[in-house]
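*Asks:* Got a structure for you, written out below as structure tokens; questions coming shortly.
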Amino acid sequence: MKRISASFLPPIALDYRSKTPMYRQLYDWFRRAITDGQMRPGQRVPSTRSLAAELKISRIPVLNAHEQLLAEGYFETFVGAGTCVARSIPDDTLGPPAVKARKGLREEAGKLGPRRMSRRGAALTHVPAQSWLDNLGAFRVSLPALDHFPIGVWSKLVARHSRRPPRGIMAYSDAMGYPPFRDAIAEYLGAVRGVRCEASQILVTTGSQQALQISAQVLLDPKDRVWMEEPGYPGARQAFMTAGAQLIPVRVDHDGMNVAEIIPRGRNARAAYVTPSHQYPMGMTMSATRRMLLLSWAVRTGAWIIEDDYDSEYRFGSHPMASLQGLDADGRVIYIGTFSKVMFPALRLGYVVVPKDLVPAFSAAREAADIFSSTLYQAVLTDFIREGHFARHIRRMRMLYMDRRRALVNAIQIQMGDMLEVIGAEAGMHLVALLPRGTDDVAVSRKAAQRGISAMPLSICYLKPPTRGGLILGYGGANAHQIHDGIRKLRMSVQGH
Ligand SMILES: Cc1ncc(COP(=O)(O)O)c(C=O)c1O
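Note that our numbering has the sequence shown beginning at 17, numbered continuously upward.
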């Protein structure tokens with residue numbers, strides 16, 4: 017057995033006044049000496065007796081440290097031959113951290129190229145750095161009016177459920193969600209959105225993003241074709257890409273997704289993703305004719321329709337059109353909704369209305385992902401809905417967002433009428449403003465981000481390069497002053513880009 021003499025042991029510095037116990041200091045020292053390469057595999061370790069004598073400490077901490085290092089496999093002993101650093105530790109993993117890091121970097125940059133990951137993983141990182149999402153300044157898309165949220169009521173409800181929580185709130189729970197919350201959601205969707213469902217079909221998720229991810233996982237195989245609105249929601253694109261789907265753009269016009277385009281070529285598609293109540297990002301509503309055409313295509317071809325109803329609570333003037341799901345007699349629609357906009361995004365609560373026969377698969381997929389959502393917040397939100405705060409908050413926010421939208425349109429007309437063309441229905445929490453032809457919207461968004469403005473470039477919503485760029489401007493989270501000031505800064509960003 018090759019062993020290296022113990023005499024090369026580097027000095028051991030112990031801090032006798034430290035709160036860290038002596039055995040722990042010794043254990044840490046040996047472990048670091050081994051992983052940094054100062055002690056090599058097979059090197060002899062001094063006996064506990066001699067080490068204790070050398071360090072002028074009692075033998076007990078030395079014995080304890082030895083035992084721990086033996087138990088963890090850093091040391092090994094041989095009867096009659098003492099203790100040495102385990103010879104099974106591979107030599108090439110050892111070395112000072114700086115050396116290891118440098119070696120790693122060289123490998124990465126060298127002939128090996130980028131380290132291997134799945135094609136799906138690599139595709140996800142093709143999205144450009146989104147500096148416009150680095151701030152919460154004016155026009156941040158999907159940001160509600162947080163300063164108008166009834167935080168007093170909310171915190172009382174949180175306190176009520178936290179004070180003496182029953183076991184049901186603290187223990188593991190149903191993957192589909194907290195039953196009273198699912199009842200409240202089913203009732204709300206039936207009354208307000210014309211969704212036809214039972215509470216047993218509601219799967220509670222951490223927002224629509226997870227709902228999209230789980231839907232993709234349950235419904236799609238790699239290379240399956242999915243029709244996507246063009247332009248469309250990048251979050252949905254990401255979710256379907258992680259399932260390995262092939263995304264096919266279908267143009268939208270003033271009636272929403274141009275369904276006539278998919279009918280002749282849509283035989284082999286597995287699903288279509290749509291935002292019929294308020295197309296994201298352009299803002300139109302899908303016409304009744306298109307809805308029916310889409311449904312009959314799905315029934316005929318056995319495809320799924322994923323309906324993302326992300327902000328239909330906010331429609332100013334006209335009444336919201338009922339959901340597409342409500343027209344579906346064949347269980348082909350997967351209906352997705354979220355509390356991110358009507359409550360606040362960090363709540364991370366959303367839902368899927370799952371066709372009855374798919375409930376076991378969706379439930380199992382949720383279990384495999386992260387088991388279930390926080391029961392505490394599901395219980396709090398149930399009371400918030402049942403006690404009328406939810407409906408009141410939506411009514412108040414509808415008025416507020418209508419004012420904010422008007423303020424934004426006015427500010428654009430006055431300060432940027434020569435540069436921006438506003439499109440989109442009178443609904444939701446954002447609008448699209450087209451830039452002059454030839455303007456690079458990503459460059460404008462980056463410039464605006466440097467001024468603390470969050471204006472999302474329209475082009476990132478396209479699968480194929482668009483003919484004209486634009487900006488998606490959220491007005492939910494910005495007051496009149498921030499809107500006015502934001503447009504001033506946006507003007508400078510367009511001029512100076
Ligand atoms: C089209 C669309 N769907 C869903 C969401 C909400 O996502 P989540 O519920 O995961 O917060 C957004 C937010 O921007 C959206 O624009």
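Note that CB positions come from ideal geometry on N, CA and C, so glycine has one too.
Does DSSP put CYS477 in a helix, in a strand, or in coil?
*Replies:* Here residue 477 refers to the residue found at position 461 of the sequence shown. In the three-state DSSP reduction, CYS477 falls in the helix class (H, G or I).
*Asks:* Threshold first: 3 residues or longer. Then list the beta strand (DSSP E) segments lying entirely within the stretch 311-381, N to C.
*Replies:* Fully enclosed beta strand (DSSP E) runs of 3 or longer: 320-324, 349-354 and 366-369.
*Asks:* Hey, out of CYS213, LEU506, GLU245 and PRO62, whose CA is closest to LEU450's CA?
*Replies:* One-based indexing of the sequence shown puts residue 450 at position 434. The residue with the shortest Cα to Cα distance from LEU450 is LEU506.
*Asks:* Note down the Cα distance separating LEU374 from ARG306, rounded to an integer number of angstroms.
*Replies:* The residue labelled residue 374 in the question sits at position 358 within the sequence shown. The residue labelled residue 306 in the question sits at position 290 within the sequence shown. When rounded, the distance between both Cα atoms is 25 Å.
*Asks:* Specify whether the stretch 196-216 and the stretch 390-402 touch according to this definition: at least 3 beta carbon pairs, one from each stretch, less than 8 Å apart.
*Replies:* yes
*Asks:* By Cβ distance below 7 Å, which residues in the same chain neighbour ALA496 in space, the five residues on each side in sequence not counted?
*Replies:* Here residue 496 refers to the residue found at position 480 of the sequence shown. Excluding positions up to five away in sequence, the list reads ALA423.
*Asks:* On the DSSP letters alone, give me the boundaries of the alpha helix (DSSP H) that ALA232 sits inside.
*Replies:* Against the sequence shown, residue 232 aligns to sequence position 216. It spans 224-235 - the alpha helix (DSSP H) in which ALA232 sits, taken as one unbroken run.
*Asks:* Would you report the Cα separation of SER379 and ARG411, rounded to the nearest angstrom?
*Replies:* Your numbering for residue 379 matches position 363 in the sequence shown. Your numbering for residue 411 matches position 395 in the sequence shown. Using only the alpha carbons, I get a separation of about 33 Å.
*Asks:* Measuring from the CB of PRO361, is there a heavy atom of ligand 1 at a distance below 6 Å?
*Replies:* As a working note, residue 361 is residue 345 in the sequence shown. It does: the Cβ of PRO361 is within 6 Å (strictly closer) of some heavy atom of ligand 1.
*Asks:* Sorry if obvious, but does the Cβ on GLN394 come closer than 6 Å to a heavy atom of ligand 1?
*Replies:* To locate residue 394, count along the sequence shown from 1; it is residue 378. No, since every heavy atom of ligand 1 falls outside the 6 Å radius drawn around the Cβ of GLN394.
*Asks:* Measuring straight from C-alpha to C-alpha, what distance separates LYS480 and VAL266?
*Replies:* Your numbering for residue 480 matches position 464 in the sequence shown. Your numbering for residue 266 matches position 250 in the sequence shown. So the two alpha carbons sit approximately 10 Å from each other.
*Asks:* Judging by CA-CA distance, which residue of ALA145, MET38, ASP52 and GLN54 is the nearest neighbour of HIS82?
*Replies:* In the sequence shown, the residue the question calls residue 82 occupies position 66. Of the listed residues, the one whose Cα sits closest to HIS82 is MET38.
*Asks:* For VAL510, count neighbouring C-beta atoms within 10 Å of its own C-beta (all shown protein chains included) and say buried if the count is 16 or more, exposed if not.
*Replies:* On the sequence shown, residue 510 is found 494 positions in, with the first residue counted as 1. Label assigned to VAL510: buried.
*Asks:* Ligand 1 heavy atoms versus the CB of THR51: any closer than 6 Å?
*Replies:* Taking the sequence shown and counting its residues from 1, the one referred to as residue 51 is at position 35. Because no heavy atom of ligand 1 lies under 6 Å away, the Cβ of THR51 does not count as near it: no.
*Asks:* Taking the alpha helix (DSSP H) that HIS446 belongs to, which residues open and close that run?
*Replies:* Within the sequence shown, the letter at position 430 stands for residue 446. Not the alpha helix (DSSP H): HIS446 falls in the beta strand (DSSP E), residues 446-450.
*Asks:* Using the beta-carbon count (16 or more within 10 Å), is LEU152 buried or exposed?
*Replies:* Within the sequence shown, numbered from 1, the residue matching residue 152 stands at position 136. LEU152 is exposed by the Cβ-count criterion.
*Asks:* Using a Cβ-Cβ distance under 7 Å, would ILE428 count as near chain B?
*Replies:* Here chain B cannot be found, since the structure has a single protein chain.
*Asks:* Roughly how far, in whole angstroms, is the beta-carbon of VAL242 from the beta-carbon of ARG286, given that I think they are within contact range, below 8 Å?
*Replies:* Reading the sequence shown from its first residue, position 226 is the one you call residue 242. Reading the sequence shown from its first residue, position 270 is the one you call residue 286. That pair is a contact at about 6 Å.
*Asks:* Put ILE410 into one of helix, strand or coil per three-state DSSP.
*Replies:* Within the sequence shown, the letter at position 394 stands for residue 410. Helix.
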